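Novice: What follows is a single structure, and I will ask about it in a moment.
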Amino acid sequence: MKKIVSVILLVVLFSSCNEYQKALKSEDVAVKFEMATALYDAGKYSKAIRIFEQIAPAYRGKPQAEKLFYMFAQSYYKTKQYTLSAYQFESFVSGYPKSEKVQEAAYLGAKSHSMLSPVYSLDQTDTNKALDKLQMFIDNYPNSPYLAEANSTVKALSEKIEKKVYENAKGYNTISDFKAAIVALDNFVADYPGTPFKEDALYYKLDSAYQLGINSIPSKMEERLNVAKTAQANLIKFNAETKYKKEADQMLVRIEKDLQKFTK
13 MKKIVSVILL
23 VVLFSSCNEY
33 QKALKSEDVA
43 VKFEMATALY
53 DAGKYSKAIR
63 IFEQIAPAYR
73 GKPQAEKLFY
83 MFAQSYYKTK
93 QYTLSAYQFE
103 SFVSGYPKSE
113 KVQEAAYLGA
123 KSHSMLSPVY
133 SLDQTDTNKA
143 LDKLQMFIDN
153 YPNSPYLAEA
163 NSTVKALSEK
173 IEKKVYENAK
183 GYNTISDFKA
193 AIVALDNFVA
203 DYPGTPFKED
213 ALYYKLDSAY
223 QLGINSIPSK
233 MEERLNVAKT
243 AQANLIKFNA
253 ETKYKKEADQ
263 MLVRIEKDLQ
273 KFTK
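Just so you know, the numbering used here puts 135 at position 123 of the sequence shown, and the rest follows in order with no gaps.
The structure is reproduced here in structure tokens:
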């Protein structure tokens, strides 16, 4: 009912295109609050923000402040200004811990941080911050209706971090620094045992060990080929029908053929 009243009020207020400008210039914060609320209810978030920014300091500590700061935070969120929405939602949670909106605000504050997470190839500082915020939400509200979505977001962000680490490790293989690739890929698998990139990491470790082995000087070849043979076995053990099976089998044939030189 209140929303219907607000929408009706909005129609009245917008009977003249000057009403919004008048509200912006008005010295009466109550008039501004009424206009901002009507704009918010009508989905005019950008315009509402301009007024909220004007009146927010004056409403701190007042009875209407809880509603105002909730709408203010939501308006930033709806307009994809996630740095500002994260700040406002977190301020709301801190300022109104007993509000019926506090759990929603806590979740949307954490989600705002997740929306700032860049593509995996860029610096992941914001991703790590989002993971911390989401984990804090999960710990604080273990029975929240937002829990499933929060866990799903954590999973997606974690995989982004893992992809960056994996791609960095794989990069050594790409530039033919096979020794570094073996170490980096081993570390990746050890640090992220449940990663969806494990099969890829095992394959590129095999490829790195194989390339290092077949291109070694005779005194180091046998040892390195055996490392490659073990890497091949680990890949097949992980997934007998790996998408890399053809390549892995071909490498094993070459490895075993070259190893025969050392059994004579």
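C-beta: ideal position from N, C-alpha, C; glycine also. All values reported here derive from a predicted model rather than from experimental measurement.
Sorted by chain position, which residues of the same chain lie with C-beta nearer than 8 Å to Leu264's C-beta, five sequence neighbours on each side aside?
Specialist: Closer than 8 Å at the Cβ level, and outside the excluded window around Leu264, lie Lys241, Gln244.
Novice: Starting from the C-beta of Tyr256, find all residues in its chain whose C-beta is less than 6 Å away, skip the five residues before and the five after it, and write them out in chain order.
Specialist: Hits under 6 Å: Tyr215.
Novice: Quick one: what's got a C-beta closer than 7 Å to Val114's C-beta in the same chain, skipping five residues either side?
Specialist: The residues are Val105, Tyr108.
Novice: Using C-beta distances below 7 Å, list every residue in its chain close to Thr139, excluding the 5 sequence neighbours before and after it, in chain order.
Specialist: Contacts found: Ser129, Leu169, Lys172, Ile173.
Novice: Anyone know if the C-beta pair for Phe190 and Ser220 falls short of 9 Å?
Specialist: Yes, the Cβ-Cβ distance between Phe190 and Ser220 is below 9 Å.
Novice: Identify every run of the alpha helix (DSSP H) within the region 180 to 232, keeping only runs that are complete inside it and at least 4 residues long; order them along the chain.
Specialist: Counting only runs of 4 or more, we get 190 to 203, 210 to 226.
Novice: How would you write the range of the alpha helix (DSSP H) that Gly55 sits in, first residue to last?
Specialist: Note, Gly55: premise wrong, no alpha helix (DSSP H); not H, not E.
Novice: Tell me whether Ser58 is buried or exposed, calling it buried when 16 or more other Cβ atoms sit within 10 Å of its Cβ.
Specialist: By the 10 Å Cβ count, Ser58 comes out exposed.
Novice: So Val177 packs on Gln147, CB below 8 Å; how close in whole Å?
Specialist: That belief does not hold up - the Cβ atoms of Val177 and Gln147 are roughly 19 Å apart, past 8 Å.
Novice: Hey, how far is the Cα of Asn155 from the Cα of Leu271?
Specialist: The straight-line gap from Cα to Cα measures roughly 58 Å.
Novice: Could you tell me the boundaries of the alpha helix (DSSP H) in which Glu31 lies?
Specialist: 30 to 37 is the extent of the alpha helix (DSSP H) around Glu31.
Novice: To the nearest angstrom, report how far apart Leu51 and Arg62 are at their CA atoms.
Specialist: If you take the alpha carbons of Leu51 and Arg62, they lie about 11 Å apart.
Novice: Note the first and the last residue of the continuous alpha helix (DSSP H) segment covering Lys258.
Specialist: It spans 257 to 271 - the alpha helix (DSSP H) in which Lys258 sits, taken as one unbroken run.
Novice: Can you tell me whether Lys87 is buried or exposed? The criterion is at least 16 other CB atoms within 10 Å of its CB, across all chains shown.
Specialist: In the sequence as presented, Lys is not what sits at residue 87; that position holds Ser. Label assigned to Ser87: buried.
Novice: Only counting the same chain, and skipping five residues up and downstream in sequence, which positions put a Cβ closer than 6 Å to that of Ala181?
Specialist: Ala196, Leu197, Phe200.
Novice: Would you kindly work out how many angstroms separate the C-alpha atoms of Ala70 and Leu96, rounded to a whole number?
Specialist: So the alpha carbons of these two residues sit roughly 19 Å apart.
Novice: Determine the direct distance from the alpha carbon of Val131 to that of Ile229, and round the result to whole angstroms.
Specialist: Going by the C-alpha atoms only, they are around 41 Å apart.
Novice: Can you tell me whether DSSP reads Val43 as helix, strand or coil?
Specialist: If DSSP states are grouped into helix, strand and coil, Val43 belongs with the helices.
Novice: Out of Phe274, Val41, Ala60, Glu39, which has the shortest C-alpha to C-alpha gap to Thr49?
Specialist: Looking at the Cα atoms, Ala60 is the closest of the given residues.
Novice: Quick check: Ile267 and Gly225, are their CB atoms within less than 9 Å of each other?
Specialist: Contact flag set, yes.
Novice: Between Glu39, Arg72, Met83, Ala118, which has its C-alpha nearest Lys56's C-alpha?
Specialist: Answer by Cα proximity: Met83.
Novice: Looking only at its own chain, which residues have a Cβ that is under 6 Å from the Cβ of Ala122, when we skip the five neighbours before and after it?
Specialist: Excluding residues within five positions, the ones whose Cβ falls inside 6 Å are Lys145, Leu146, Phe149.
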